[in-house]
Amino acid sequence: MNKARNACGVRPTPFCGWGYTAVGVSDDEDRLEAKGEYWDFEVDAGLPDSITEDDEEDDSYQIRLEEAAGKVKWSYSTGGLGGSAPTVVGGTVVAGGDGDSIYAVNAKTGEEQWVFETDDFVESAPTVVDGRVVVGSDDGHVYAIDADTGSQQWAFRTARFIESSPTIAGNAVFVGGGDGYVYSLHAGMGKERWAVGTDGPIYASPTVTNSTVYIGSDDGHVYALSAASGEQRWAFETGGPVRSSPTVAGDTVFIGSGDGTLYALDAKWGDKQWEFATGDAINSSPTVAEGSVFVGSDDGALYAIDAASGDRQWSFETDSRVWSSPTVASGTVYVGSNDGYVYAISTTTGQRDWMFDAEDWVDTAPVVVNETVYVTSDDGTIYALGAGVRGSSTDSRVNLGTLSHHGGWAGGG
11 MNKARNACGV RPTPFCGWGY TAVGVSDDED RLEAKGEYWD FEVDAGLPDS ITEDDEEDDS
71 YQIRLEEAAG KVKWSYSTGG LGGSAPTVVG GTVVAGGDGD SIYAVNAKTG EEQWVFETDD
131 FVESAPTVVD GRVVVGSDDG HVYAIDADTG SQQWAFRTAR FIESSPTIAG NAVFVGGGDG
191 YVYSLHAGMG KERWAVGTDG PIYASPTVTN STVYIGSDDG HVYALSAASG EQRWAFETGG
251 PVRSSPTVAG DTVFIGSGDG TLYALDAKWG DKQWEFATGD AINSSPTVAE GSVFVGSDDG
311 ALYAIDAASG DRQWSFETDS RVWSSPTVAS GTVYVGSNDG YVYAISTTTG QRDWMFDAED
371 WVDTAPVVVN ETVYVTSDDG TIYALGAGVR GSSTDSRVNL GTLSHHGGWA GGG
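Residue numbers (the numbering used here): 11 to 423.
Spelled out as structure tokens, the structure:
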């Protein structure tokens, strides 16, 4: 007979890596906090993710077993250096890695589903809409790949590298090129709809909303273009190359520059509303959640800035440059640093909740899906980590499909 096991087949054993949540019969939830040692649970085969118990007053509670925050659920090594931010759609994680390939792995298990090879590095984050993966490569192509099989649907060739991450709005793909052009392609066939040139290579990824494409260029400008025709609506000049990708919240565009400044611009006219100076270049792409803008800087800090006023709310210091673009889920902001760590930080206080050592640069954008943080490191490893919160990313970057997304986004507008 199994000792210390209740009727549901759960036996508690001391362990520092797990906790549990009790959910009342109402919509309110209470988190049970252990004073000292946490508990692990050994679960019989076939037991669901939650159990129901009665307290002394015969009130029923559902106990849900949660994996510890910042602990590895699984990891997948692509076997090479580099990689892109992951995109998670339909139970599949898609990311660039191993130098020249795109990988699809099972989001729950990390099991490989397919691999698609290109002819050069893949630093562009894939976008996945309507069963189609669209991604760029340093070989100069934009590829469309069947999301189920990994087979190529079409390829569009440009003159130079593609490190910009595509986004899709309606039946159009938008992406920037190393040749300085912003391209609009037919999503189904890969044919060019229009192309607009800038005066520098484009590393930034486009954001598309309200029939407008917003994108930065190494020529130091932020551009707003008609999604239908490519006609320029406005351009705003910064003091450095713009490799940060824009995000839009309400009527404001937020974007960082190599001059170390985060700019808030009127989305319709391009007029500056405010600016916030950091201590070094901004290559991280901002995101907006809970009334705050979150962005990293080459000065090693992650900043939280009031989206309306531009006032600093807090900053969190890491030990190296923050090229990673943050994401927000359930009151926690997640970001990587070139110091090799993934950080989970309270959105309100700026205090660290947990950190994970990836043992190499983490310069890609994480995304949270169903209580799991997905992120890639510069050694080509894709990680699935316990997020420590319930839910998925809800910030503006992910909601607009910029630099990776999850299944809650189905194409911009």
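All C-beta atoms in this analysis are idealised placements derived from N, C-alpha and C, irrespective of residue type, glycine included. Remember, predicted model here, so these are calculated numbers, not experimental data.
Assuming contact is defined by CB atoms lying nearer than 7 angstroms, are residue i and residue j in contact in what I supplied?
| i | j | result |
| --- | --- | --- |
| D261 | A277 | yes |
| A311 | E327 | yes |
| A339 | G411 | no |
| G93 | G341 | no |
| V152 | I178 | no |
| A291 | G270 | yes |
| S254 | S295 | yes |
| V132 | I155 | no |
| G186 | I212 | yes |
| A394 | K83 | yes |
Note down the Cα distance separating residue i from residue j, rounded to an integer number of angstroms.
| i | j | result |
| --- | --- | --- |
| N409 | H415 | 7 angstroms |
| G19 | S85 | A caution first: G19 carries a pLDDT of 32, below 50, which makes its placement in the model unreliable, though a value can still be read off. Approximately 29 angstroms between the Cα atoms of the pair. |
| T396 | D363 | The question names Thr, but residue 396 in the sequence shown is Gly. Roughly 12 angstroms between the two C-alpha positions. |
| R142 | F264 | 29 angstroms |
| A44 | G120 | Because A44 sits at a pLDDT of 34, beneath the cut-off of 50, its placement in the model cannot be relied upon, and the point is left open. |
| G398 | K282 | 37 angstroms |
| N181 | D329 | 42 angstroms |
| D130 | D149 | 5 angstroms |
| F366 | A287 | 28 angstroms |
| V103 | A157 | 10 angstroms |
| N467 | A205 | Since the first and last residues shown for the chain are 11 and 423, residue 467 lies out of range. |
| T137 | L413 | 8 angstroms |
| I392 | V252 | 27 angstroms |
| G207 | S194 | 12 angstroms |
| S87 | S227 | 32 angstroms |
| G101 | D308 | 34 angstroms |
| R203 | V352 | 39 angstroms |
| A117 | V383 | 10 angstroms |
| G89 | G250 | 35 angstroms |
| P379 | V99 | In the sequence under discussion, the amino acid at residue 379 is Val, which differs from the Pro named in the question. Distance between the alpha carbons of V379 and V99: 9 angstroms. |
| G417 | E381 | 14 angstroms |
| G280 | Q361 | 34 angstroms |
| S319 | L272 | 12 angstroms |
| V332 | V192 | 26 angstroms |
| I225 | T359 | 31 angstroms |
Cutting at 8 angstroms between CB atoms, please list the residues of its own chain near residue i, excluding the five before and the five after it.
| i | result |
| --- | --- |
| M199 | W164 |
| A135 | S94, A95, P96, T97, A105, G106, V145, S175, S215, T374, A375, L413 and S414 |
Leaving out the 5 sequence neighbours to the left and right, which residues in its chain are closer than 6 angstroms to residue i when beta-carbon positions are compared?
| i | result |
| --- | --- |
| F304 | T297, A314, P336 and V343 |
| S406 | T257, A259, T297 and V298 |
| V223 | F184, P216, L235 and A237 |
| D189 | T168, A169 and R170 |
| E10 | Residue 10 is absent from the structure shown; the chain starts at 11 and stops at 423. |
| A245 | H231 and Y233 |
| K201 | none |
| F166 | V152, L195 and G200 |
| D209 | D229 |
Could you pull the start and end residues of the beta strand (DSSP E) that residue i belongs to?
| i | result |
| --- | --- |
| N116 | S111 to N116 |
| V399 | Note, V399: premise wrong, no beta strand (DSSP E); not H, not E. |
| M365 | R362 to D367 |
| D316 | A311 to D316 |
| Y384 | T382 to T386 |
| W371 | Neither: W371 is in no beta strand (DSSP E) and is coded neither H nor E. |
| A238 | No beta strand (DSSP E) holds A238; DSSP gives it neither H nor E. |
| K83 | V82 to S87 |
| F326 | R322 to E327 |
| G92 | G92 -> no beta strand (DSSP E), and no H or E assigned at all. |
| A339 | T337 to A339 |
| W124 | E122 to E127 |
What does a CB cutoff of less than 7 angstroms around residue i pick up in its chain, not counting 5 residues either side in sequence?
| i | result |
| --- | --- |
| A79 | A354, D363, W364, G396, A397 and G398 |
| W124 | A114, T159 and G160 |
| D370 | G350, S387, D388 and D389 |
| E247 | G230 and H231 |
| R243 | T222, A234, L235 and S236 |
| T374 | G93, S94, A95, S334, G346, V385 and T386 |
| T404 | A299, V338 and A339 |
| S302 | A314, I315, D316, A317, Q323 and T357 |
| G109 | G90, L91, G92 and F131 |
| E127 | D110 and S111 |
Along the alpha helix (DSSP H) that carries residue i, what are the first and last residues, could you check?
| i | result |
| --- | --- |
| R407 | S406 to N409 |
Can you name the residues that DSSP bridges to residue i?
| i | result |
| --- | --- |
| F166 | V152 |
| K282 | L275 |
| A157 | BP columns for A157 are empty, so no partner. |
| A205 | Y193 |
| G266 | L272 |
| G306 | L312 |
| H416 | V98 |
| I212 | Its beta-bridge partners do not exist; DSSP assigns none. |
| S356 | T342 |
Is the CB of residue i under 7 angstroms away from at least one CB in chain B?
| i | result |
| --- | --- |
| G230 | Protein chain content of the structure displayed is limited to a single chain, and chain B is not contained in it. |
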